[in-house]
Amino acid sequence: MSATTNTTQPSLDPSNPSSTFAGLPAVPPEDPSLKTPENMSVPRAIRTAFLAVSQSEGAGARVRRSIGTPKLRNFSPFLMLDHFSIPPGAGFPDHPHRGQETITYLLSGAVDHEDFAGNKGTIETGDLQFMTAGRGIMHAEMPRQNPDGSANVGMQLWVDLPQKLKKCEPRYRDLRAHEIPSVDVDDGKVHVKVISGQSHGVDSVKELAYTPVWLLDITIKPGGRIVQNLPVGWNAFAYTLNGTTVFGAGNGAQTIPQYHNVVFEQKGDAAVAEVKADAKEEGRFILVAGLPLDQKVVQYGPFVLNSQEEVYQAMMDYSTHSNGFERAKGWESEIGKRMVH
Numbered sequence: 001m002s003a004t005t006n007t008t009q010p011s012l013d014p015s016n017p018s019s020t021f022a023g024l025p026a027v028p029p030e031d032p033s034l035k036t037p038e039n040m041s042v043p044r045a046i047r048t049a050f051l052a053v054s055q056s057e058g059a060g061a062r063v064r065r066s067i068g069t070p071k072l073r074n075f076s077p078f079l080m081l082d083h084f085s086i087p088p089g090a091g092f093p094d095h096p097h098r099g100q101e102t103i104t105y106l107l108s109g110a111v112d113h114e115d116f117a118g119n120k121g122t123i124e125t126g127d128l129q130f131m132t133a134g135r136g137i138m139h140a141e142m143p144r145q146n147p148d149g150s151a152n153v154g155m156q157l158w159v160d161l162p163q164k165l166k167k168c169e170p171r172y173r174d175l176r177a178h179e180i181p182s183v184d185v186d187d188g189k190v191h192v193k194v195i196s197g198q199s200h201g202v203d204s205v206k207e208l209a210y211t212p213v214w215l216l217d218i219t220i221k222p223g224g225r226i227v228q229n230l231p232v233g234w235n236a237f238a239y240t241l242n243g244t245t246v247f248g249a250g251n252g253a254q255t256i257p258q259y260h261n262v263v264f265e266q267k268g269d270a271a272v273a274e275v276k277a278d279a280k281e282e283g284r285f286i287l288v289a290g291l292p293l294d295q296k297v298v299q300y301g302p303f304v305l306n307s308q309e310e311v312y313q314a315m316m317d318y319s320t321h322s323n324g325f326e327r328a329k330g331w332e333s334e335i336g337k338r339m340v341h
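When we follow full-length UniProt numbering, the leftmost residue of the sequence shown carries the number 1, and every step to the right adds one.
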């Protein structure tokens, strides 16, 4: 999906220090200060939690963006997180990317994609698509029309690529809902879909992104609790989809309602979450962890590189159809033509 060059995007004035964003500081994962005692789980504290406010994006779509806003920028390796809703007649017509990966998780409906390399496909409820933009891709993402007229809803996460992979060839990988393993814990009161990573002895089926990322879809019934291990030193957050969930342990526990992003401290090796026994509904959230990258981030809309010069080059390459964007010349997606004008 596109990221418009609006107020949430950096200026490209080389003399303007706001052209890059520092984000939250990350300690290298191998730093001794992050190590936890053997045979002892250390719950992660909550660094911040905030509501993802709805805004317009693309052509007629609405997104609740949390990462990639003034509240939270470049939480390495994460660049942007959108909880999107695409009504009939809306979508994300032809647009380019360079330098990042996108992970799209469809919660309801169906979304078609098509790119200038001839790749086409559809993800439906519960499916995921992992797209590596690499040196350059131009594509469109358009919703199917649901019989009841409802919107197509899902999550899209932008993940930074290590500098050495910024110029890799673009690729797609799909993960179907029926392929995703799951595990039930706390006497069945907690259900975990292991999209990527590990949970309570269950491993995901395959590596789908170049940058190491864990992605878990967790549902907790009233009275349920989970202690989910996370890789030491990785950055982690949870985005709440439904209900009210208590994150953290002891005096640091916080009650978090729907549509909030909960950002964890880097220290500790487990995320703790529960839903109170007297809650009127179950809680559901996406728990994500990723290996922080030690590199500068310079972003301008859909281009994510490591310097101002590389961003200027990306803009030039796209406009001149060169260095990875050759196939963009004269290309128009068929699905993009479905837009209602």
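Cβ coordinates follow ideal geometry from the N, Cα and C atoms, glycine included. Model, not experiment: these values are computed from the prediction.
| Asked | Found |
| --- | --- |
| Own chain partners of Q100 with C-beta closer than 7 Å, once the 5 adjacent residues on each side are dropped | L79, A133, W158, V159, D160, L161, V304 |
| S54 versus D217 - alpha carbon distance | 22 Å |
| Burial state of E326, where buried means 16 or more other Cβ atoms lie within 10 Å | exposed |
| Status (buried if at least 16 other CB within 10 Å, exposed otherwise) for T320 | exposed |
| Check whether V248 and A45 have beta carbons under 9 Å apart | Before going further, note that residue 248 is Gly rather than Val in the sequence given. Yes, these two residues count as a Cβ contact at 9 Å. |
| N- and C-terminal bounds of the alpha helix (DSSP H) containing Y312 | 308-320 |
| V205 classed as buried or exposed, judged by whether at least 16 other C-beta atoms fall within 10 angstroms | exposed |
| For R98 and R338, the rounded distance between their alpha carbons | 25 Å |
| Top-ranked residue by Cα proximity to L34, from M316, P257, D186, W234 | W234 |
| Helix, strand or coil at residue 342 according to DSSP, with G and I counted as helix | The question about residue 342 has no answer here: the residues shown for the chain are numbered 1 through 341. |
| Sequence-distant residues of the same chain with beta carbon closer than 6 Å to I103, five excluded per side | F130, L157 |
| Neighbourhood of I226 by C-beta distance below 7 Å, restricted to the same chain and skipping five residues each side | V185, D186, V190, I218, I220, A273 |
| Simplified DSSP state of E179, which is helix, strand or coil | helix |
| CB contact flag (S322, M315, <9 Å) | no |
| Same chain, Cβ closer than 7 Å to P77, five either side skipped, listed in chain order | V159, D160, T211, G290, L291, P292, L293 |
| Expected contact under 8 Å - CB spacing of I245 and G283 to nearest Å | The amino acid at residue 245 is misidentified as Ile; the sequence shows Thr. Right, their Cβ atoms sit about 4 Å apart. |
| According to DSSP, residues forming a beta bridge with D115 | H139 |
| Option nearest W214 by Cα separation, candidates V153, T125, A177, I286 | I286 |
| Stretch pair the segment 85-96 + the segment 140-157: three plus CB contacts closer than 8 Å | yes |
| Given G58 as reference, the closest of R173, D82, I137, G149 once Cα atoms are compared | D82 |
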